[in-house]
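Trainee: Residue numbers (numbering that gives the first Met the number 0): 0 to 281.
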Amino acid sequence: MTEIADIGEFLRSRRARLRPEDVGLPVFNRHRRVPGLRREELAQLAGVSVAYLTRLEQGKGNNVSAEVIGAITRALRLSDTEHEHLTRLVKCQDRRKYGPPPLQQVRTALGQLLASLEGVPAYVTGPRSDLLGWNPMAAALFGDWDRLPPQERNWARLVFLEPGHRRLFADWESKAADVVGALRLYAGCYPDDPRLLTLVGELSVKSETFRRLWAGHDVKESNHGVQRLRHPLVGELTLSFESFRLPDDPEQSLTVYHAPPGSAAAENLRLLASWDASVSTR
């Protein structure tokens with residue numbers, strides 16, 4: 000999980016999913032030894048030398064311009080999130096001098112804001128998808144996170160290792176992919192984070208699905224969307240969510256779930272709110 004290896008692995012994984020004919024290149028040899036685009040073909044499409052692309056894949060591409068990153072993005076048909084990830088991989092080398100973010104906590108005022116959000120589940124996540132704070136409605140919807148040791152309050156651990164959370168998400172595979180994609184984005188700037196390495200190592204040992212998704216190098220940032228849940232008390236809920244990065248700390252995000260007024264999901268949230276979740280807001 001070193002940064003040098005990750006740049007090369009990410010680019011090779013993106014090359015592997017494209018065929019020459021997908022990008023308008025002729026195929027002279029049907030029996031190719033490597034899947035997808037060769038490095039020489041990507042260099043041709045991006046308008047850079049093979050030697051330059053080789054250095055970039057080896058983590059030696061200093062002072063890579065936005066134009067070159069854009070050319071590679073277009074050649075590999077990267078999504079906006081993948082483009083951002085590649086940019087982070089190339090540009091975040093200076094952050095390694097300072098190491099990963101320290102252990103974080105929710106600001107007092109933000110904690111008060113969480114507590115004031117009645118009737119809607121809300122929580123704050125930090126680096127590595129750690130759960131830093133939540134309100135009683137989030138506890139009622141997702142479970143009593145307060146009972147967990149702090150090191151286990153993490154979306155990746157919950158989604159891949161907690162059977163209750165696996166049953167909760169109607170589309171568990173999609174949620175799992177979202178979680179891994181977010182971890183990959185974080186790893187773009189902090190690949191040597193000891194807590195990240197420990198987390199990835201544990202999940203790789205305990206979950207074959209996590210190993211497969213992590214090896215895919217897919218990146219994803221879900222800022223909004225729809226989540227279908229199967230709650231053990233109120234049954235199915237279809238909720239929309241919005242996630243906002245905090246302006247004074249982009250490593251933290253506030254996520255809020257809501258349902259259309261008058262919908263069955265809104266009524267189920269109201270029922271949940273009427274029960275005491277026995278969880279204090281952190």
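The C-beta atom is built at its ideal place from N, Cα and C for all residues, glycine as well.
Could you check which residue in VAL255, ASP192, ALA139, PRO193 has the C-alpha nearest to that of HIS223?
Mentor: With distances taken between CA atoms, HIS223 lies nearest to VAL255 out of VAL255, ASP192, ALA139, PRO193.
Trainee: In its own chain, which residues sit with a C-beta less than 7 Å from the C-beta of TRP213, not counting the 5 before and 5 after it?
Mentor: VAL179, VAL199, SER203
Trainee: From the DSSP output, read off the bridge partner residues of TRP133.
Mentor: TYR122
Trainee: Count the other CB atoms within 10 Å of the CB of LEU232; is the residue buried (16 or more) or exposed (fewer)?
Mentor: exposed
Trainee: Give the C-beta separation of LEU131 and GLY125 to the nearest angstrom, bearing in mind that I take them to be a contact with Cβ-Cβ under 8 Å.
Mentor: Going by Cβ atoms, the distance from LEU131 to GLY125 rounds to 5 Å, so yes, they are a contact pair.
Trainee: Please report the distance separating the alpha-carbon of HIS82 from that of PRO249.
Mentor: Rounded to the nearest angstrom, the two C-alpha atoms are 18 Å apart.
Trainee: Buried or exposed for LEU102, please, with buried defined as at least 16 other CB atoms from any protein chain shown within 10 angstroms of its CB.
Mentor: Exposed, because fewer than 16 other Cβ atoms sit within 10 Å of the Cβ of LEU102.
Trainee: So, do the segment 71–89 and the segment 103–112 have three or more beta carbon pairs nearer to each other than 8 Å?
Mentor: The segment 71–89 vs the segment 103–112: no contact.
Trainee: Does the Cβ-Cβ distance between ALA361 and ARG227 come in under 8 Å?
Mentor: The displayed coordinates of the chain run from 0 to 281. Any statement about residue 361 would go beyond what the structure contains.
Trainee: Would you be able to state if there are at least three C-beta pairs under 8 Å between the segment 36–53 and the segment 14–28?
Mentor: Put simply, the segment 14–28 touches the segment 36–53. At least three CB pairs are less than 8 Å apart.
Trainee: Should THR72 be labelled buried (16 or more other beta-carbon atoms within 10 Å of its own) or exposed?
Mentor: buried
Trainee: Nearest to PHE243 by CA position, among GLU235, LEU270, SER252, THR237, is which residue?
Mentor: SER252
Trainee: Nearest CA to the CA of SER206: which residue from LEU157, GLY187, LEU236?
Mentor: LEU157
Trainee: Please classify GLU235: does DSSP put it in a helix, a strand, or coil?
Mentor: strand
Trainee: Taking only runs of the alpha helix (DSSP H) that begin and end inside the segment 49–117, which ones reach a length of at least 4 residues, in chain order?
Mentor: 49–56, 65–75, 79–90, 107–115
Trainee: Can you tell me where the beta strand (DSSP E) with GLY224 in it begins and where it stops?
Mentor: 223–230
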